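What follows is a set of notes on a single structure, which appears directly below.
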Amino acid sequence: MTATSTARGAAPRLLVVRNDKLGDFMLAWPALARLKAASPAPRVSVLVPAYTVPMARLCPWVDEVLLDPGDGASRAEQRRLLAEVKAARFDALLTLFSTPRIGWLGWRAGIPLRLAPATKWAQLFYNRRVVQRRSRSEKPEYRYNIELAEALLSELDLTPDIEPEPPWWPLPEGERRAQRRRLAEELGLDPARSWVFLHGGSGGSAVNLSPAQYVRLVQEVDARLPMERRAQWVLTAGPGEEATAEAILAPLRKAGLEAQRLPPRAGLEDFARTLAAADLFVAGSTGPLHIAGCLDIATAGFYPAHRSATPLRWQTCNHAERRLAFCPPADAGEQDMATIDIPAAAEAVSDLLCRLPAAVTSGS
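So for the sequence shown, my numbering puts the first residue at -1; every next one is plus one.
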């Protein structure tokens, strides 16, 4: 494998696949950073669906983005993808979530080194496999992804020069201040106060708190904060989630709390950049929550008790002291979000807000 790369006189060309939900792709960024930290740094391409292409293009650890037309694509589209992958002459394929179609694609494209988790019959298409047993949820998803990246680097005889750490999406200097100025002008927010973004939708991929629970959470947090640290709330929504945001906003305004709706953004890229303005992001286990984690924004996530969707498994990848996680008690139903202790969550959230350094809440 190394000889092949050396013969070309270039660093290895890698294709990394994470072609499902937005949150899953964001939790691949630590693994992508790990790959790019190797010496010589490999050329990293990613295969992603249309929905996550904008985020893939923003990722500082990605050199090229390939569009996956998906399982339901026509034969012509599948042939186009195969031709594109063949033409790229990748040295290795790393599939973070294994499916038969992608395994078959890598084999047909003649990629010499193909590595994936040792799960399902799709592993037959791979010549390197790593046993992880992710369904046990013994580690965070992003840690499983890093393990796979490190296994690939070992196969390629590459050693990372450094061990990257958050933020996994390091923004250019001044980007956060620019986003806060923009939002302050749009919504009349006070830049010197804490801004808490709250995303009440689920994107169809995870259960979430009800609007009534979120209303109570905001009220309980507000009641616990000292006057000088009281937050301003910004409600966000994805396509089709506007009604949920309004169901939270109206009662908050009626109760006299300072809450606003985030104005429509010009697509996913613009929305993601706007999240840099937040001091804290509150949501269920959704794509936006994991975008905030990659930005190293403080997060408070609400998770079901399902074994494969635990707070540990879908932990955000920001620094440990910046994240909170809540789920139903052990004796509750797997998706019974109504049993989450909202006052206890509010206590933890208000405490985190008070612990955030002044430099964060002032927009520096």
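A virtual CB, placed ideally from N, CA and C, is assigned to each residue, including glycine. Nothing here was measured: the structure is a model prediction, and the numbers come from that model.
**Asked** Comparing alpha-carbon positions, which option in ALA39, ALA29, PRO38 lies nearest LEU94?
**Response** Here residue 94 refers to the residue found at position 96 when the sequence shown is read from its first residue. Comparing alpha-carbon positions, the option among ALA39, ALA29, PRO38 lying closest to LEU94 turns out to be ALA29.
**Between the CA atoms of ALA245 and GLU239 - distance to the nearest angstrom** = Translated into positions along the sequence shown, residue 239 becomes position 241. Translated into positions along the sequence shown, residue 245 becomes position 247. Going from the Cα of GLU239 to the Cα of ALA245 covers about 10 Å.
**Message:** So, for ALA330: in the same chain, excluding its five sequence neighbours on each side, which residues have a beta-carbon less than 7 Å away from its beta-carbon?
**Reply:** Position 332 of the sequence shown, counting from 1, holds the residue named residue 330. The residues are ALA303, THR337.
**Message:** Give me, in chain order, the residues of the same chain whose beta-carbon lies closer than 6 Å to that of GLN76; leave out the 5 immediate sequence neighbours on both sides.
**Reply:** In the sequence shown, counting from the first residue as 1, residue 76 sits at position 78. Excluding sequence neighbours, GLN76 sits near nothing in its chain.
**Item:** 6 Å CB neighbourhood of THR157 in its chain, flanking five on each side removed
**Value:** Numbered from its first residue, the sequence shown carries residue 157 at position 159. Closer than 6 Å at Cβ, skipping near neighbours: no residue.
**Prompt:** Do you know how far the Cα of ARG126 is from the Cα of TYR301?
**Reply:** The count along the sequence shown starts at 1 and reaches residue 301 at position 303. The count along the sequence shown starts at 1 and reaches residue 126 at position 128. C-alpha separation (whole angstroms): 33 Å.
**Request:** Go through its chain and collect everything with a Cβ distance to ASP18's Cβ below 8 Å, but skip five positions before and after it.
**Result:** On the sequence shown, residue 18 is found 20 positions in, with the first residue counted as 1. Here the set comprises PRO47, PHE95.
**Message:** Contact between the stretch 309 to 316 and the stretch 129 to 149 is defined here as three or more beta-carbon pairs at a separation below 8 Å; is this criterion met?
**Reply:** yes
**Message:** Buried or exposed, going by whether 16 or more other CB atoms sit within 10 Å of the CB of GLN333?
**Reply:** Mapped onto the sequence shown, residue 333 falls at position 335. Classified as exposed, GLN333 has fewer than 16 neighbouring CB atoms from the shown chains inside 10 Å of its CB.
**Item:** Beta-bridge pairing of LEU92 - partner residues as DSSP gives them
**Value:** Translated into positions along the sequence shown, residue 92 becomes position 94. DSSP, once it has assigned bridges, lists VAL14, LEU113 as partnering LEU92.
**Item:** Between the CA atoms of MET24 and ALA35 - distance to the nearest angstrom
**Value:** The residue you call residue 35 lines up with position 37 of the sequence shown. The residue you call residue 24 lines up with position 26 of the sequence shown. So the alpha carbons of these two residues sit roughly 18 Å apart.
**Message:** Rounded to the nearest angstrom, what separates GLN121 and ALA114 at their Cα positions?
**Reply:** Mapped onto the sequence shown, residue 121 falls at position 123. Mapped onto the sequence shown, residue 114 falls at position 116. For GLN121 and ALA114, the distance between alpha carbons rounds to 7 Å.
**Request:** With DSSP as the reference, label TRP102 as helix, strand or coil.
**Result:** As a first step, residue 102 must be located in the sequence shown, where it is residue number 104. Helix.
**Request:** Alpha carbon to alpha carbon, how far is ARG179 from HIS288? Give it in angstroms, no decimals.
**Result:** The residue labelled residue 288 in the question sits at position 290 within the sequence shown. The residue labelled residue 179 in the question sits at position 181 within the sequence shown. Near 23 Å, if we compare the C-alpha coordinates of ARG179 and HIS288.
**Item:** Start and end residues, alpha helix (DSSP H) containing ALA241
**Value:** The count along the sequence shown starts at 1 and reaches residue 241 at position 243. Segment 240 to 252, the alpha helix (DSSP H) holding ALA241.
**Prompt:** Thinking C-alpha only, which one of CYS325, VAL15, GLY291 is nearest ARG305?
**Reply:** Stepping through the sequence shown from its first residue, residue 305 is reached at position 307. Among CYS325, VAL15, GLY291, the Cα nearest to that of ARG305 belongs to CYS325.
**Range of the contiguous alpha helix (DSSP H) that encloses SER43** = Translated into the one-based positions of the sequence shown, residue 43 becomes position 45. Element bounds for SER43: not the alpha helix (DSSP H) but the beta strand (DSSP E), 41 to 46.
**Message:** Along the chain, where does the beta strand (DSSP E) containing GLY299 start, and where does it finish?
**Reply:** On the sequence shown, position 301 is the one that residue 299 refers to. Its beta strand (DSSP E) spans residues 296 to 300.
**Prompt:** For VAL129, is the classification buried or exposed, using 16 other Cβ atoms within 10 angstroms of its Cβ as the cut-off for buried?
**Reply:** Numbered from 1 along the sequence shown, position 131 holds the residue referred to as residue 129. Exposed, by the Cβ-count rule.
**Message:** Relative to the C-alpha of LEU64, which candidate in GLU82, LEU92, ARG87 has its C-alpha closest?
**Reply:** Locating residue 64 in the sequence shown gives position 66, where the first residue counts as 1. The option with the nearest alpha carbon to LEU64 is GLU82.
**Request:** Report the rounded CA-to-CA distance for LEU233 versus THR284, giving the unit in angstroms.
**Result:** Here residue 233 corresponds to residue number 235 of the sequence shown, with the count starting at 1. Here residue 284 corresponds to residue number 286 of the sequence shown, with the count starting at 1. Rounded to whole angstroms, LEU233 to THR284 spans 15 Å at the Cα level.
**Request:** Identify, in the order they occur along the chain, each residue of the same chain with its Cβ nearer than 7 Å to the Cβ of PRO209, setting aside the five sequence neighbours on each side.
**Result:** Numbered from 1 along the sequence shown, position 211 holds the residue referred to as residue 209. GLY198, THR242, ALA245, ILE246.
**Prompt:** Using CA coordinates, which residue listed in VAL347, ASN206, GLY201, ALA248 is at the minimum distance from ARG222?
**Reply:** Translated into positions along the sequence shown, residue 222 becomes position 224. The shortest Cα separation from ARG222 among VAL347, ASN206, GLY201, ALA248 belongs to VAL347.
**Request:** Kindly indicate which residue of ASP339, LEU310, LEU322, ALA176 has the alpha-carbon position closest to the one of ARG134.
**Result:** Looking up residue 134 in the sequence shown gives position 136. Closest option to ARG134, Cα to Cα, is LEU310.
**Request:** Locate the beta strand (DSSP E) running through GLY282, then write down its first and last residues.
**Result:** Taking the sequence shown and counting its residues from 1, the one referred to as residue 282 is at position 284. Looking at the DSSP string, the run of the beta strand (DSSP E) that includes GLY282 is 278 to 282.
**Item:** Start and end residues, beta strand (DSSP E) containing GLN258
**Value:** Counted from its first residue, the sequence shown places residue 258 at position 260. Residues 257 to 259.
**Prompt:** Are the CB atoms of ASN206 and GLY282 nearer to each other than 7 Å?
**Reply:** Residue numbering aside, residue 206 sits at position 208 when the sequence shown is read from its first letter. Residue numbering aside, residue 282 sits at position 284 when the sequence shown is read from its first letter. Their beta carbons are under 7 Å apart, which means ASN206 touches GLY282 by this criterion.
**Asked** CA-CA distance, GLU267 and PHE123?
**Response** Within the sequence shown, numbered from 1, the residue matching residue 267 stands at position 269. Within the sequence shown, numbered from 1, the residue matching residue 123 stands at position 125. So the alpha carbons of these two residues sit roughly 34 Å apart.
**CB-CB length for PRO40 against LEU20, believed under 8 Å** = On the sequence shown, residue 40 is found 42 positions in, with the first residue counted as 1. On the sequence shown, residue 20 is found 22 positions in, with the first residue counted as 1. Contact doesn't hold; Cβ gap of about 24 Å is too wide.
**Neighbourhood of ILE340 by C-beta distance below 7 Å, restricted to the same chain and skipping five residues each side** = Locating residue 340 in the sequence shown gives position 342, where the first residue counts as 1. Answer for ILE340: GLN211, ARG214, LEU215, GLU218, listed in chain order.
**Request:** Quickly, what does DSSP pair ARG230 with across the bridge? List them, please.
**Result:** Counting from 1 along the sequence shown, the entry for residue 230 is found at position 232. It should be noted that the sequence gives Gln, not Arg, for residue 230. DSSP, once it has assigned bridges, lists TRP193 as partnering GLN230.
**Item:** Candidates ASP349, GLU62, SER200, GLY265: closest to ARG229 by CA position
**Value:** What you label residue 229 is simply residue 231 of the sequence shown in a count that begins at 1. The question names Arg, yet the displayed sequence has Ala at residue 229. Here the closest residue by C-alpha is ASP349.
**Request:** Taking 8 Å as the threshold, find out whether the stretch 183 to 195 comes into contact with the stretch 264 to 278 through three or more Cβ pairs.
**Result:** yes
**Request:** Assign TRP166 to buried or exposed, taking buried as 16 or more other Cβ atoms, counted over all protein chains shown, within 10 Å of its Cβ.
**Result:** Locating residue 166 in the sequence shown gives position 168, counting from the first residue. Burial call: buried.
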